[in-house]
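Visitor:
Numbering (this note's numbering), first residue to last: 374 to 710.
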């Protein structure tokens with residue numbers, strides 16, 4: 374068991390609280406990890422004119438593993454999205470967001486188990502928009518063969534590693550025949566290399582309807598950036614909300630794990646935040662590190678706490694604090710060890 378160094382970016386808003394909880398839970402597994410902590414976000418921007426200093430990127434590249442808390446993105450003005458900046462700078466081409474039902478959480482469907490694989494580097498998130506004339510704005514949708522083949526192959530390889538059975542490509546090629554048409558062609562090409570997997574295609578609007586009526590038909594879903602952003606939140610809603618939704622951004626030699634919820638400045642510093650999404654993101658990191666037993670202990674402990682329902686934060690219908698929920702998870706980890 375080798376020592377690893379992980380870059381920790383607590384973020385702002387509730388970020389420092391959920392990040393501290395995540396570190397506490399991971400350390401309870403006894404997996405040897407050293408933490409390099411760097412600040413990023415609003416206060417850093419106010420001090421240095423950038424929300425993410427260069428040393429943060431250097432640390433992530435050096436260590437190859439990073440956990441990031443939520444960071445506030447100003448609406449309309451101010452600095453651009455930190456998430457988009459980090460994905461571009463680090464070439465984090467895949468965003469993987471599992472959505473899995475948890476016992477004790479009341480939802481319309483049980484036993485949902487979907488993984489959204491989102492292309493992370495282009496599409497309408499390329500940031501290429503401008504004012505053509507006053508009152509007319511143009512935004513460019515970029516789809517490339519290189520990125521589409523890469524994300525399709527990642528989705529199938531992910532399915533293979535995790536013993537999944539089916540990959541579904543989500544698109545709007547009936548309208549955007551060139552851009553989404555290219556994406557679909559790339560998915561079809563890669564699918565031929567994986568004949569043991571069921572492969573299907575679905576138009577994005579139909580995918581939304583099918584997800585909220587018959588979600589069990591889906592397994593791994595791969596799609597361009599914008600659709601992935603929207604459908605992954607929809608899938609999170611199927612299993613209890615963003616407070617239970619982990620994720621990882623994957624590059625060639627870098628993994629950046631984060632919760633997908635916002636920074637919730639209205640409850641920041643009040644010990645009210647639900648840390649489960651980031652804790653489960655930390656468990657995803659342990660799986661990717663090969664620490665399967667430690668990750669399994671965390672996941673089983675989280676499920677046990679949710680099922681008991683005695684120590685839940687306000688968003689989950691309880692009255693527990695961040696600290697109380699974290700300590701309950703750690704207690705369960707000792708029980709299931």
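Glycine is no exception: its CB is placed at the ideal position from the N, C-alpha and C atoms.
All of these numbers come straight from a predicted model, not from anything done at the bench.
(1) Between the alpha carbons of residue 519 and residue 430, how many angstroms are there, rounded?
(2) Just to confirm before moving on: does the CB-CB distance between residue 621 and residue 510 stay below 8 Å?
(3) Roughly how many angstroms lie between the CA atoms of residue 516 and residue 703, to the nearest whole one?
(4) Taking buried to mean at least 16 other C-beta atoms within 10 Å of its own C-beta, is residue 665 buried or exposed?
(5) Grab the span of the beta strand (DSSP E) containing residue 381 for me, first residue to last.
(6) So what does DSSP say about residue 420, is it helix, strand or coil?
(7) List the endpoints of the continuous alpha helix (DSSP H) containing residue 600.
(8) Ignore the nearest five residues each way along the sequence and tell me which others in residue 580's own chain have a CB closer than 7 Å to its CB.
(9) Can you give the beta carbon distance from residue 597 to residue 487, rounded, assuming they're within the 8 Å contact cut?
(10) One question on the structure: do residue 378 and residue 436 come within less than 8 Å of each other, judged by their Cβ atoms?
(11) Roughly how many angstroms separate the alpha carbons of residue 402 and residue 557, rounded to a whole number?
(12) If you draw a straight line from the alpha carbon of residue 526 to that of residue 643, how long is it in whole angstroms?
(13) Per DSSP, what kind of secondary structure is residue 594 in: helix, strand or coil?
(14) Between the region 691-700 and the region 493-502, do at least 3 Cβ pairs fall closer than 8 Å?
(15) Using three-state DSSP, classify residue 470 as helix, strand or coil.
(16) For a test of the three-state rule: what should DSSP assign to residue 552, helix, strand or coil?
(17) Within 10 angstroms of its Cβ, does residue 445 collect 16 or more other Cβ (buried), or is it exposed?
(18) Could you please give the first and the last residue of the uninterrupted alpha helix (DSSP H) stretch that includes residue 403?
(19) Round the Cβ separation of residue 485 and residue 611 to the nearest angstrom and send it over; I've been treating them as touching at under 8 Å.
(20) By the DSSP assignment, the beta strand (DSSP E) with residue 541 in it spans what residues?
(21) Under a three-way DSSP split, which group does residue 700 fall into?
(22) Roughly how far, in whole angstroms, is the beta-carbon of residue 385 from the beta-carbon of residue 415, given that I think they are within contact range, below 8 Å?
(23) From the DSSP secondary-structure annotation, give me the bridge partner or partners of residue 490.
(24) Would you tell me roughly how many angstroms separate the C-alpha atoms of residue 567 and residue 561, rounded to the nearest one?
(25) Assuming residue 576 is part of the beta strand (DSSP E), what are its boundary residues?
(26) Would you list the residues sitting across from residue 648 in a DSSP beta bridge?
(27) Between the C-alpha atoms of residue 571 and residue 531, what's the straight-line distance to the nearest angstrom?
(28) Would you decide whether residue 600 is buried or exposed? Buried here means 16 or more other CB atoms lie within 10 Å of its CB.
(29) According to DSSP, is residue 495 helix, strand or coil?
(30) Leaving out five residues before and five after residue 618 in sequence, what residues of the same chain have Cβ atoms less than 6 Å from its Cβ?
(31) Would you call the CB atoms of residue 582 and residue 440 closer than 8 Å?
(32) Looking at the secondary structure, which residues open and close the alpha helix (DSSP H) in which residue 479 lies?
(33) Going by alpha carbons, who is nearest to residue 466 out of 490, 392 and 584?
(34) Answer with buried or exposed for residue 578, where buried requires no fewer than 16 other C-beta atoms within 10 angstroms of its C-beta.
(35) Identify, in the order they occur along the chain, each residue of the same chain with its Cβ nearer than 8 Å to the Cβ of residue 670, setting aside the five sequence neighbours on each side.
Guide: With the given structure in hand:
(1) 24 Å
(2) no
(3) 44 Å
(4) exposed
(5) 377-382
(6) helix
(7) 598-611
(8) 543 and 604
(9) Not really, about 17 Å apart at Cβ, beyond 8 Å.
(10) yes
(11) 42 Å
(12) 43 Å
(13) strand
(14) no
(15) strand
(16) helix
(17) buried
(18) It is not in any alpha helix (DSSP H) - residue 403 carries neither H nor E in the DSSP assignment.
(19) 5 Å
(20) 539-544
(21) helix
(22) 5 Å
(23) 469 and 595
(24) 10 Å
(25) 571-576
(26) Answer is none; residue 648 lacks a bridge partner.
(27) 14 Å
(28) buried
(29) coil
(30) 609, 633 and 650
(31) no
(32) Per DSSP, residue 479 belongs to no alpha helix (DSSP H) and is neither H nor E.
(33) 490
(34) exposed
(35) 402, 706, 709 and 710
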